[in-house]
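*Asks:*
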Amino acid sequence: MRIAAGIPIYDQEENFDPVAWTLNKALKAGSDGVAVLSLNGAMSRFGVCGTGGNEFMAQVIERANIEPEIKALVISAHTPGGTVDSTELVANAIRDSRKKVVGYVNGLCASAGVFALSQADEMVMENSVSAEIGSIGVLMVYVNQKKAMENEGYEVEIFRADGSEDKARLNAYEPLTEELRAEIQQDLNDARKAFVGYVRRGRAGRLKSDEVFSAKMYKSKQALSLGLVDRLGTLADAIKAAKKS
1 MRIAAGIPIY DQEENFDPVA WTLNKALKAG SDGVAVLSLN GAMSRFGVCG TGGNEFMAQV
61 IERANIEPEI KALVISAHTP GGTVDSTELV ANAIRDSRKK VVGYVNGLCA SAGVFALSQA
121 DEMVMENSVS AEIGSIGVLM VYVNQKKAME NEGYEVEIFR ADGSEDKARL NAYEPLTEEL
181 RAEIQQDLND ARKAFVGYVR RGRAGRLKSD EVFSAKMYKS KQALSLGLVD RLGTLADAIK
241 AAKKS
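Mapping of the sequence shown onto UniProt numbering: position 28 corresponds to residue 28, and the numbering continues sequentially without gaps.
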């Protein structure tokens, strides 16, 4: 059985284990049993070919909790956020981790990234003029392409089977009804409520103002003063914080 950094990356049938491979890489990026996981780019359920997505990240964090080689975790994030779908999986994995988790804002952590990292035991943010964190909010962009299609000489007509009146009501060619607008608004409000609730619990006793829930982005010193992060520093500082019990 081939191994790397002490964690087997192949099972007895020689099947490759991507979760173990990721943890080995994370151990090499850290030191003294602190594994550094990367949360880079836009967040979505499956990522690229099922690797790097929210489900995979949650599996990696959960697996780290049973690997004796791993003493603590640092999650280094550079992300603009992503979909509402599945962000809670990562947030819950971080919140429920039995081993210490330190979140590190590696230049940018917005929206879904804050949702997830706010559940860490501690937050460290890069101390630079360009580093930002925030965008605690939810939005949806809808584009009606009907006029554009008409200008190109196309007339779009949608047919639905009898009894399928609710099929694909949200599309780019039909106007939004008031009922559908209300449903969309309620969905967005519900998602924001969950988002704010997670951040409040994760940063309980440390947030200084509800201002952070306006979806504004904050530079490092502002973020520190508002309680979005616990300290400013480098990735090395985050690793040091993870080593402390």
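Cβ coordinates follow ideal geometry from the N, Cα and C atoms, glycine included.
1. Cα separation between residue 11 and residue 93?
2. Return helix, strand or coil for residue 84, following the three-state DSSP convention.
3. Let me confirm a value: residue 142 is counted as buried when at least 16 other C-beta atoms fall within 10 Å, else exposed. Which label applies?
4. Say whether the segment 223-243 touches the segment 112-126, bearing in mind that this needs 3 or more beta-carbon pairs closer than 8 Å, one atom from each stretch.
5. Can residue 173 and residue 140 be called in contact, C-beta distance under 8 Å?
6. Could you check if residue 16 is buried or exposed, using at least 16 other CB atoms within 10 Å of its CB as the buried criterion?
7. So residue 82 and residue 57 are supposed to be a Cβ contact under 8 Å. How far apart are they, rounded?
8. Looking at residue 91 and residue 218, is the spacing between their C-beta atoms short of 8 Å?
9. Since I believe residue 180 is in contact with residue 170 (beta carbons under 8 Å), could you give me their beta-carbon distance rounded to a whole number of angstroms?
10. Can you name, in chain order, every residue of its own chain whose Cβ lies under 7 Å from the Cβ of residue 26, other than the five neighbours on each side?
11. Can you list, in chain order, the residues of its chain whose CB lies under 7 Å from that of residue 121, leaving out five sequence neighbours each side?
12. Less than 7 Å between C-beta atoms, sequence neighbours within five positions excluded: which residues of the same chain meet that for residue 240?
*Replies:* Put simply:
1. The residue you call residue 11 lines up with position 11 of the sequence shown. The residue you call residue 93 lines up with position 93 of the sequence shown. For residue 11 and residue 93, the distance between alpha carbons rounds to 24 Å.
2. What you label residue 84 is simply residue 84 of the sequence shown in a count that begins at 1. Residue 84: coil per DSSP, three-state reduction.
3. One-based indexing of the sequence shown puts residue 142 at position 142. Burial call: exposed.
4. Yes, the segment 223-243 touches the segment 112-126.
5. One-based indexing of the sequence shown puts residue 173 at position 173. One-based indexing of the sequence shown puts residue 140 at position 140. No, the pair does not count as a contact, with Cβ atoms beyond the cut-off.
6. For the purposes of this step, residue 16 is identified with residue 16 of the sequence shown, where counting begins at 1. Exposed.
7. Here residue 82 refers to the residue found at position 82 when the sequence shown is read from its first residue. Here residue 57 refers to the residue found at position 57 when the sequence shown is read from its first residue. With 8 Å as the limit, residue 82 and residue 57 do not qualify as a contact, their Cβ atoms being about 11 Å apart.
8. Taking the first residue of the sequence shown as position 1, residue 218 is located at position 218. Taking the first residue of the sequence shown as position 1, residue 91 is located at position 91. In this structure, residue 91 does not lie closer than 8 Å to residue 218 by Cβ.
9. In the sequence shown, counting from the first residue as 1, residue 170 sits at position 170. In the sequence shown, counting from the first residue as 1, residue 180 sits at position 180. The Cβ separation is near 7 Å, so the contact holds.
10. Within the sequence shown, numbered from 1, the residue matching residue 26 stands at position 26. For residue 26, where only same-chain residues beyond five positions count, the Cβ hits under 7 Å are 35, 36, 37.
11. Here residue 121 corresponds to residue number 121 of the sequence shown, with the count starting at 1. Taken in chain order, the residues that qualify are 100, 101, 102.
12. Mapped onto the sequence shown, residue 240 falls at position 240. Answer for residue 240: no residue qualifies.
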